[in-house]
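S.K.: For the record, the sequence lines run as chains A and B.
Each residue of the first sequence is one higher than the one before, counting from 1 in the UniProt record's numbering.
Each residue of the second sequence is one higher than the one before, counting from 1 in the UniProt record's numbering.
This is the structure I want to talk about, given as structure tokens.
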Amino acid sequence: MVKWTDFECATIQDIFSKIDYDVVGPAALSRCLIVYPWTQRYFGGFGNLYKAAAITSNPKVAAHGKVVIAGLEKAVKNMDDIKTTYKDLSVLHSEKLQVDPDNFNLLADCLTVVVAGQMGAAFTPEGHAAFQKFLAVVVASLRKQYN
Amino acid sequence: MSLTDKDKAAVKALWTKISKGADAIGADALGRMLIVYPQTKTYFSHWPDLKAGSAPVTKHGKKIMAGVAQAVAKIDDLTSGLLDLSELHAFQLRVDPANFKILAHCLQVVIATMYPNEFTPEAHVALDKFLSNLALALSEKYR
């Protein structure tokens, strides 16, 4: 059972209420595909991913970025039991999508950088710590059903 | 994942834009690291104050960025350019090299907060590669 302090709960709700999902989701995914190009292996059907400009303007990447952040919102709304909330998503990523779970950390890092860019100084060290703890729990829950 | 000429140009271009704020970046990144990754505090038990914005943190953040500046200047040969710093970290400080990645991440987050328009995905990938190579050069003398 993950223990959240009041500050951590409030911070996560606050951050996710402030960010623009339609911007952050696509930006995080496209940044991940650019900064860690080996992650492109999972997106063979997405068309042109050859250059950074192509990735950032790729409509399939943008659409999928929104899917990813919608998935994160499930965790935001169920912080008391992310593990159970993500059981099916974990099975999906393990058995159907066959994503190496180390990649979850890469996307998490890009998401942190994008949120930091959006929030500027408002992304305080304490808020940053809460955000990374939240993402660590998300990643651990997504890894749970891998065997 | 060695640095291409394009990477080096991108790093130098980014550094030109952010170097004036280097002290603030270093202080924020170090202070942030001690909070987000509390295990890193174990290397600073001799400091009276580990809070973000405190004198030791600010001073040390500046020192770290001087090292980054040295690396930018020696970007064509990081291993020999950072030999002295590698010996320092290997024999005296004995910082576990896994922590270099942690600090690199914090630096990138801080740069994102302070320079969101400059820290494009292209600049990010070049900087990430640079910081990885920097870490490798710093680890050179460990064993």
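Glycine is no exception: its CB is placed at the ideal position from the N, C-alpha and C atoms.
Alpha carbon to alpha carbon, how far is A/L29 from B/S54?
M.R.: Numbered from its first residue, the first sequence carries residue 29 of chain A at position 29. Numbered from its first residue, the second sequence carries residue 54 of chain B at position 54. Roughly 36 Å between the two C-alpha positions.
S.K.: Mind checking which residues open and close the alpha helix (DSSP H) that includes A/G71?
M.R.: For the purposes of this step, residue 71 of chain A is taken as residue 71 along the first sequence, with counting starting at 1. P59 to K77 is the extent of the alpha helix (DSSP H) around A/G71.
S.K.: Can you find at least 3 beta carbon pairs, one from the stretch 116-124 of chain B and one from the stretch 49-63 of chain B, that sit closer than 8 Å?
M.R.: No contact exists between the stretch 116-124 of chain B and the stretch 49-63 of chain B.
S.K.: Let's test the definition: count the other Cβ atoms within 10 Å of the Cβ of A/G67 and tell me whether it reaches 16, buried, or not, exposed.
M.R.: Walking along the first sequence from the start, residue 67 of chain A turns up at place 67. Looking at the sequence itself, residue 67 of chain A is Val, so the reference to Gly does not match. With fewer than 16 Cβ atoms within 10 Å of its Cβ, A/V67 is classed as exposed.
S.K.: List, in chain order, every chain B residue whose beta-carbon is nearer than 7 Å to that of A/H128.
M.R.: As a working note, residue 128 of chain A is residue 128 in the first sequence. Within chain B, the residues near A/H128 are R32, V36 and V109.
S.K.: Return yes when the Cβ of B/V95 is within less than 8 Å of the Cβ of B/A29, no when it is not.
M.R.: The residue you call residue 29 of chain B lines up with position 29 of the second sequence. The residue you call residue 95 of chain B lines up with position 95 of the second sequence. The answer is no: Cβ separation not under 8 Å.
S.K.: Tell me whether the stretch 38-58 of chain A and the stretch 10-17 of chain B touch, counting them as touching only if at least three CB pairs, one residue from each stretch, are closer than 8 Å.
M.R.: They do not touch, by the three-pair rule.
S.K.: Starting from the Cα of B/A22, find the closest Cα among B/A66, B/D7 and B/A98 and give me that residue.
M.R.: Locating residue 22 of chain B in the second sequence gives position 22, counting from the first residue. The shortest C-alpha separation from B/A22 is found at B/A66.
S.K.: Over the uninterrupted alpha helix (DSSP H) stretch that includes A/V137, give me the two end residues.
M.R.: Walking along the first sequence from the start, residue 137 of chain A turns up at place 137. Per DSSP, A/V137 belongs to the alpha helix (DSSP H) from P125 to R143.
S.K.: Would A/V61 and A/P26 be called neighbours here (beta carbons separated by less than 8 Å)?
M.R.: Indexing the first sequence from 1 puts residue 61 of chain A at position 61. Indexing the first sequence from 1 puts residue 26 of chain A at position 26. Yes, they are a contact pair.
S.K.: Count the other CB atoms, across all protein chains shown, that sit within 10 Å of the CB of B/T113; report buried if there are 16 or more and exposed otherwise.
M.R.: Numbered from its first residue, the second sequence carries residue 113 of chain B at position 113. It counts as buried.
S.K.: Who are the neighbours of B/F91 on chain A, taking C-beta pairs under 7 Å?
M.R.: Along the second sequence, read from residue 1 onward, the residue named residue 91 of chain B stands at position 91. In chain order: nothing, as chain A lies at least about 31 Å away.
S.K.: If we require 4 or more residues per run, which alpha helix (DSSP H) segments fall completely within the stretch 38-109 of chain B?
M.R.: Counting only runs of 4 or more, we get 55-73, 78-81 and 83-87.
S.K.: To the nearest angstrom, how far is it from the Cα of B/D84 to the Cα of A/N147?
M.R.: Here residue 84 of chain B refers to the residue found at position 84 when the second sequence is read from its first residue. Here residue 147 of chain A refers to the residue found at position 147 when the first sequence is read from its first residue. Whole-angstrom Cα-Cα distance: 45 Å.
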